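J.: For reference, the structure I am asking about is given below.
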Amino acid sequence: MKDYLVIYNKKAGSDNNEKIAKHFNKRAQQNRRSTDLKATTSRKEAIEFIVDHLAHYRTLVTIGGDGSINTVFTAFLRAKKSIRVGIIPGGTVNNFAKALNIPENESEAIEVILTGRPHAVDLIHTQKRAIISSLTLGTLADMARNVSQNEKRKWGPIIYLIKGIKQLIAKKSYRIEVHYGNSGSKIYQTRFLLATTTNSIGGFTNFDTSASPSDGKIHLVILKHFSISRLLGYVGYFLTGQFQKVSDVDQLQADQFQIFTTDPDTQIETRIDGDPSEQLPIELNVERKFIDVIVPDHQGS
3 MKDYLVIYNK KAGSDNNEKI AKHFNKRAQQ NRRSTDLKAT TSRKEAIEFI VDHLAHYRTL
63 VTIGGDGSIN TVFTAFLRAK KSIRVGIIPG GTVNNFAKAL NIPENESEAI EVILTGRPHA
123 VDLIHTQKRA IISSLTLGTL ADMARNVSQN EKRKWGPIIY LIKGIKQLIA KKSYRIEVHY
183 GNSGSKIYQT RFLLATTTNS IGGFTNFDTS ASPSDGKIHL VILKHFSISR LLGYVGYFLT
243 GQFQKVSDVD QLQADQFQIF TTDPDTQIET RIDGDPSEQL PIELNVERKF IDVIVPDHQG
303 S
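The following block contains the structure:
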């Protein structure tokens with residue numbers, strides 16, 4: 003059994019991912035640890051390779067952002083087992099890495115993998131796909147769809163806020179029904195729903211300070227009512243994570259959710275970690291502390 007499998011998208015980031023992978027391999031060799039590098043050209047190829055080779059490695063190292071981590075966790079979901087994960091952040095936002103205090107600097111992230119400690123995190127998922135940072139529908143899903151890679155690189159997290167405001171004003175609302183845990187259900191006429199797994203959304207690390215990758219819960223934020231006159235207030239609460247102070251917002255926490263549209267003729271799409279995903283109805287579940295992620299050794303539990 004080898005120590006590390008480094009998997010990266012050969013197309014993303016030009017040739018930078020390959021350089022990072024070779025950098026990690028050099029540092030691992032200096033520490034007398036064995037490494038294989040695997041370049042993939044699609045999400046499907048990466049998932050299949052991970053599922054087929056999981057048993058041959060102690061640790062899987064992923065290079066990239068939330069989408070790359072999602073690929074790894076989705077492979078674990080399909081395999082129904084996991085190994086340790088090391089993360090070298092390479093995305094624009096890196097919500098999951100930020101939530102675990104994993105440095106965005108390449109060399110520092112590599113040293114964390116070589117010298118850090120495992121920290122157990124939850125696997126939150128639909129029936130088909132892991133959720134690393136967020137699931138959105140309505141306004142937020144449309145916003146994410148309309149943000150290009152160039153805009154993310156140029157403007158950073160603020161572009162999500164700008165486009166979110168535009169979509170919030172222009173977008174119609176959806177009528178949905180939310181079933182949560184064994185506690186009951188609620189019906190909403192909403193312009194957006196956001197399911198989160200960490201405190202960081204769109205690069206804003208104070209979005210929901212009650213959420214962590216290891217709390218065994220899925221956190222929902224649902225806009226019950228929308229008022230243009232309160233728009234600046236919404237923005238302020240978004241930046242500070244104090245949604246509990248907004249009467250227009252519902253916050254729910256549970257280890258299972260089912261979300262339906264009440265109109266069978268209306269198709270409502272979701273996005274997971276910024277990428278297109280399933281249409282409603284959708285079910286969200288938690289596998290508690292299913293995956294060990296390597297974090298800085300000085301980080302608290």
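In terms of the working numbering, the sequence shown opens at residue 3 and continues consecutively.
For glycine and all other residues, C-beta sits at the position ideal for the given N, C-alpha and C.
Remember, it's a predicted structure, so these values are computed and weren't measured experimentally.
Quick check: the stretch 118–137 against the stretch 68–75, are at least 3 beta-carbon pairs closer than 8 angstroms?
T.: The stretch 68–75 vs the stretch 118–137: in contact.
J.: For D348, does the three-state DSSP call read helix, strand or coil?
T.: With the chain represented from 3 up to 303, any question about residue 348 goes unanswered, as that position is not in the structure.
J.: Please return the same chain residues whose Cβ sits closer than 6 angstroms to the Cβ of H181, not counting the five positions on each side in sequence.
T.: Same-chain partners within the cutoff: S187 and Q260.
J.: Can you say whether A61 is buried or exposed, counting buried as having 16 or more other CB atoms within 10 angstroms of its CB?
T.: Residue 61 is actually Thr in this sequence, not Ala. So T61 counts as buried.
J.: Note down, in chain order, each residue of its chain lying with its Cβ closer than 7 angstroms to the Cβ of S175, except the 5 sequence neighbours on either side.
T.: Hits under 7 angstroms: Q191, T192 and R193.
J.: Under the rule that 16 or more other beta-carbon atoms within 10 Å means buried, what is I189, buried or exposed?
T.: Result: exposed.
J.: Would you identify the three-state DSSP class for R60, choosing helix, strand or coil?
T.: Residue state, collapsed to three classes: strand.
J.: Just tell me which of D250, E285 and L254 has its CA closest to the CA of T263.
T.: Minimum Cα distance to T263 is reached at E285.
J.: Which whole-angstrom value describes the C-beta separation of I293 and V87, a residue pair presumed to lie in contact below a C-beta threshold of 8 angstroms?
T.: That pair is a contact at about 6 angstroms.
J.: Which stretch, first to last residue, makes up the alpha helix (DSSP H) that contains Q32?
T.: Unbroken alpha helix (DSSP H) run through Q32: N18 to Q32.
J.: When the Cα atoms are used, what is the spatial distance from I1 to K226?
T.: With the chain covering only 3 through 303, there is no way to say anything about residue 1.
J.: Run the CB neighbour count on T199, radius 10 Å, all protein chains shown included, and call it buried at 16 or more, exposed below.
T.: T199 comes out buried.
J.: Candidates R34, G92 and D68: which alpha carbon is nearest N18's?
T.: Minimum Cα distance to N18 is reached at G92.
J.: Hey, how far is the Cα of Q2 from the Cα of T138?
T.: With the chain running from 3 to 303 in the structure shown, residue 2 is simply not present.
J.: Could you tell me the distance, in whole angstroms, from the CA atom of V123 to the CA atom of K40?
T.: Their Cα atoms are separated by approximately 25 angstroms.
J.: Can you tell me whether H300 is buried or exposed? The criterion is at least 16 other CB atoms within 10 Å of its CB, across all chains shown.
T.: It is exposed - the Cβ of H300 has fewer than 16 other Cβ atoms within 10 Å.
J.: Determine the burial state of K46: buried for a count of at least 16 other Cβ atoms within 10 Å of its Cβ, exposed for fewer.
T.: It is exposed - the Cβ of K46 has fewer than 16 other Cβ atoms within 10 Å.
J.: Which residues does DSSP pair with Q281 in a beta bridge?
T.: DSSP output for Q281 lists E271 as bridge partner(s).
J.: Out of A213, S279 and I274, point me to the one whose CA is closest to A101's CA.
T.: Here the closest residue by C-alpha is A213.
J.: Please report how far the alpha carbon of I9 lies from the alpha carbon of H55, in whole angstroms.
T.: Looking at the two C-alpha atoms, the distance is approximately 12 angstroms.
J.: Reducing DSSP to helix, strand and coil, say where G302 ends up.
T.: With a pLDDT of only 49 at G302, under 50, the local geometry of the prediction cannot be trusted, and no value is derived from it.
J.: Can you tell me the Cβ-Cβ gap for G67 and T94, rounded? I've got them flagged as a contact below 8 angstroms.
T.: Right, their Cβ atoms sit about 6 angstroms apart.
J.: Would you mind sorting S84 into buried or exposed? The rule is 16 or more other CB atoms within 10 Å of its CB.
T.: Per the 10 Å Cβ criterion, buried.
J.: Sorry if obvious, but does the Cβ on K188 come closer than 7 angstroms to a heavy atom of the ligand ZN?
T.: For the structure depicted, the ligand ZN is absent and the ligand set is empty, with no information on it obtainable.
J.: Hey, could you find the ends of the alpha helix (DSSP H) V53 is sitting in?
T.: From DSSP, the alpha helix (DSSP H) with V53 extends over R45 to H55.
J.: Let me know if H121 comes out buried or exposed under the rule of 16 or more other beta-carbons within 10 Å of its beta-carbon.
T.: Classification for H121: buried.
J.: With DSSP as the reference, label E179 as helix, strand or coil.
T.: If DSSP states are grouped into helix, strand and coil, E179 belongs with the strands.
J.: Going straight from the alpha carbon of A1 to that of Y59, what length do you get?
T.: Shown here, the chain extends from 3 to 303; a query on residue 1 therefore has no answer.
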